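Following: one structure in structure tokens, then a few remarks.
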Amino acid sequence: MSEDATPAVLDTKEPNQNWFASWFDTPYYHILYKERNYREAQLFMDNLTQYLNLPEKAKVLDLACGKGRHAIYLSQLGFDVIGADLSENSIAEASKNSNSNLHFQVRDMREKMDNQFDAIFNLFTSFGYFENDADNLKTLIAIKESLTEHGFAVIDFMNVNQVIANLVPEETKTVEGIDFHIQRYVKDGHIYKEITFEDKGQAFHFTEKVQALTLQDFQAMMEEAGIYLLDIFGDYKLRKFHKTESERLIMIFK
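Counting in UniProt numbering, the sequence shown runs from 1 upward without gaps.
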């Protein structure tokens, strides 16, 4: 994928605002990332569902689903899908695609779902953006408790070693006539992306921020959560994970 779906915060004086939700609730997030590779995402879903050998009409949760593009495709593959996300605007948009085997709901990923699922997918670096480390563990436990006895979960995260080694400090992307000025850096165990731009005479500034979690970090959290890590892949073709070279860190667990 061209960019990870990392969360962000709009500059604000409201201290209690959910900082990681605000960016997703603006149209600019979807403008900046409109050129994502949808075909690559579909191939990933094909490879993943075939690897997991999910039964026909399996119940699948797309956790942190955004506008639901992966949930929509999973439903087209014949699965019974729920897409869940904290962003009310994204869920409102995704819900336009609802049908008998595709539903969407506003949920906090730290909370156990009302249903249990044969598979739970947390895709494209939609993890590691809480201020409190305990919330990462809480999310893993919620995923575990939302699985059926024989269910599988998948977290698709960036490979932080590869990302940091290849970090582009500054660039400008022009999309729909808007010049997005982007700065990237690593600080206090997080990868930051500062995004500034102007539109219709108004200046905007957002900060994307995601924890630089390594495989070892996930293994420690999973052990604490009582989760069994089954397999690890390094890209969307499900090739072997290499610590320094792989673009992704894809973890299959139950």
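C-beta atoms are modelled at their ideal positions from N, C-alpha and C, and glycine is treated no differently.
Nothing here was measured: the structure is a model prediction, and the numbers come from that model.
Cβ shell of H103 (< 7 Å), same chain only, five flanking positions each side left out:
I82
If V175 and I31 are in contact, beta carbons under 8 Å, what's the gap, nearest whole angstrom?
5 Å
Taking the runs of the beta strand (DSSP E) that are 3 residues or longer, which of them lie wholly in the UniProt domain "Methyltransferase" (57-174)?
59-63, 80-85, 102-106, 117-122 and 147-158
Opening and closing residue of the beta strand (DSSP E) in which F180 lies
I178 to K187
Would you please state the rounded distance, in angstroms, between the beta carbons of F253 and L230? I believe it to be under 8 Å.
6 Å
Reduced DSSP category for T207 - H, G, I as helix; E, B as strand; rest coil
In the three-state DSSP reduction, T207 falls in the strand class (E or B).
Under three-state DSSP, which class holds T196?
strand
From Y228, T244 and E245, residue whose alpha carbon lies closest to that of M251:
Y228
May I ask you to verify whether the stretch 86-94 touches the stretch 114-134, counting CB pairs closer than 8 Å and requiring at least 3?
no
I need the DSSP call for F241, collapsed to helix, strand or coil.
coil
R107, buried or exposed, once every other Cβ within 10 Å from all chains shown has been counted against 16
Burial call: buried.
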